[in-house]
Amino acid sequence: FDQLDGHIWMNGEMVPWAEAKIHVLTHGLHYASAVFEGERAYGGQIFKLTEHTERLHESARILGFEIPYTVDEIDNACIQLLHKQGFQDAYVRPIAWRGSEMMGVSAQKNRINLAIAIWQWPSYFDPEQKLKGIRLDMADYRRPDPRTAPSKSKAAGLYMICTISKHAAEAKGYADALMLDWRGQVAEATGANVFFVKDGVIHTPVPEGFLDGITRRTVIGLARERGFEIVERAIMPEELEDFEQCFLTGTAAEVTPVSEIGPYRFEVGEIAKTLMNDYAAIVQPARAAAAE
Ligand code: PMP
């Protein structure tokens with residue numbers, strides 16, 4: 127991935143892709159003092175760009191550092207880079223981290239760096255499998271208590287348990303894993319939020335120990351526009367047996383139906399399909415502008 131063509135925006139400059147490097151003694155690498163975003167461009171426009179940039183700022187603030195660029199400057203850098211890369215549909219990855227000036231847990235004076243990379247990432251899950259519903263395993267790790275980790279921050283460190291869980295699931299032939307939270311309630315997948323359907327009503331966990339995804343909020347809005355009832359509540363894993371449909375939401379995953387979680391089976395039903403199509407329609411620039 128470090129040898130692609132094009133440029134990476136790094137601390138205000140357009141750097142050739144392969145030259146966008148950092149030192150091995152970077153604080154962000156050793157102590158996970160890094161926060162990032164994941165955005166998608168559709169038809170040459172980045173969907174909910176400012177919301178993502180604001181979340182990036184907030185994620186850094188939660189980790190105790192301030193990104194030395196304003197939301198406007200970061201938005202403009204993303205747009206400028208998208209044009210320079212020449213993509214219409216692409217994935218956008220801004221990342222901010224503490225630099226390599228000082229070594230040790232404390233790194234008060236280390237420079238805060240910001241980089242943005244944009245590449246083509248068509249589908250997070252196999253497109254054919256997506257239509258049939260993907261298969262999830264149950265993860266061993268749980269999302270931490272918000273008193274144990276800064277769970278409202280899209281912090282690199284929180285992805286350690288996600289990678290372990292996703293790799294374990296993939297080793298068993300699953301596409302992803304469903305994580306519970308510290309209390310044993312259903313939380314989310316390793317990089318996407320989760321929804322269930324029963325008797326025409328949509329149920330989704332309350333985002334207390336995990337990210338309240340921008341896609342999650344968009345899909346809740348779309349469901350309400352359709353007149354579907356949405357209930358945000360504590361969901362216990364024992365209840366999975368009772369649900370008829372399940373789907374994931376996320377910038378990368380978009381709306382992805384789920385056919386299986388461990389021993390439980392779900393149909394790729396009308397509500398999941400409707401919201402998948404509604405989301406696909408709203409991300410297109412003309413539709414998104416009309417809905418603002
Ligand atoms: N949870 C996790 C762990 C994620 O990585 C993501 C993707 N950013 C989400 C949820 C969904 O968030 P969003 O809809 O804002 O992409």
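Convert by adding 126 to the 1-based position in the sequence shown; the result is the number in our numbering. Even for Gly, the Cβ is constructed at its ideal location relative to N, Cα and C.
Using 8 Å as the Cβ pair cut-off and three pairs as the minimum, do the stretch 364-377 and the stretch 194-214 touch? The stretch 364-377, when compared against the stretch 194-214, does not touch it at the 8 Å Cβ threshold.
Could you tell me how far apart the beta carbons of M136 and A241 are, in whole angstroms, since I believe they sit closer than 8 Å? A Cβ-Cβ separation of about 5 Å places M136 in contact with A241 under the 8 Å criterion.
So F162 and K280 are supposed to be a Cβ contact under 8 Å. How far apart are they, rounded? About 6 Å separates the two Cβ atoms, so the contact holds.
Whole runs of the alpha helix (DSSP H) within the stretch 337-386, excluding any shorter than 4 residues: List check, alpha helix (DSSP H) in window: 340-351.
Are A167 and A222 touching if we call contact CB-CB under 8 Å? No. Outside cutoff.
Tell me whether T330 is buried or exposed, calling it buried when 16 or more other Cβ atoms sit within 10 Å of its Cβ. T330 counts as buried, since no fewer than 16 other beta carbons sit within 10 angstroms of its beta carbon.
Look up A281 in the DSSP assignment and give the residues it is bridged to. A281 is bridged to V161.
With DSSP collapsed to three states, give me the class of A318. For A318, the three-state secondary structure derived from DSSP is coil.
Judging by CA-CA distance, which residue of V231, E358, V320 is the nearest neighbour of L189? Of the candidates V231, E358, V320, the one whose C-alpha sits nearest the C-alpha of L189 is V231.
According to DSSP, is E334 part of a helix, a strand, or is it coil? In this structure, E334 counts as coil in the three-state DSSP scheme.
Length of the line joining the Cα atoms of P270 and E334: Their Cα atoms are separated by approximately 10 Å.
Examine the Cβ distances between the stretch 239-253 and the stretch 133-153 and report whether three or more of them are shorter than 8 Å. A contact between stretches requires three or more CB pairs, one per stretch, nearer than 8 Å, and the stretch 239-253 meets this requirement with the stretch 133-153.
Residues bridged to A216 (per DSSP): Looking at the DSSP output, A216 sits in a beta bridge with A167.
What I want to know is whether the C-beta of F322 ends up closer than 7 Å to one or more non-hydrogen atoms of the ligand ATP. Ligands in the displayed structure: the ligand PMP; the ligand ATP is not one of them.
Do you know how far the Cα of I397 is from the Cα of L348? When rounded, the distance between both Cα atoms is 11 Å.
Let's test the definition: count the other Cβ atoms within 10 Å of the Cβ of A186 and tell me whether it reaches 16, buried, or not, exposed. Buried is the call here.
Using DSSP with H/G/I as helix, E/B as strand and the rest coil, what is E139? In the structure shown, E139 sits in a strand (DSSP, three-state: E or B).
Do you know whose CA, among I328, A301, D325, L337, lies nearest A313's CA? L337 is the residue among I328, A301, D325, L337 whose C-alpha sits nearest the C-alpha of A313.
Close Cβ partners of L262 (< 8 Å) along its chain, the five nearest in sequence each way excluded: Same-chain partners within the cutoff: A295, Y300, A301, D302, A303, L304, A315, V384, E386, I387, G388.
How long is the line joining the alpha carbons of A406 and R342, rounded to whole angstroms? Between A406 and R342, the C-alpha separation is close to 14 Å.
Could you check if G376 belongs to the surroundings of the ligand PMP, using beta carbon to heavy atom distance under 7 Å? Yes, the Cβ of G376 comes within 7 Å of a heavy atom of the ligand PMP.
With respect to 7 Å, is the separation between the Cβ of K292 and the closest non-hydrogen atom of the ligand PMP below this value? For the ligand PMP, not one heavy atom lies less than 7 Å from the Cβ of K292.
Taking one C-beta from the stretch 348-366 and one from the stretch 144-157 each time, how about it: are there three or more such pairs within less than 8 Å? Taking a contact to require three or more Cβ pairs closer than 8 Å, the stretch 348-366 and the stretch 144-157 do not qualify as touching.
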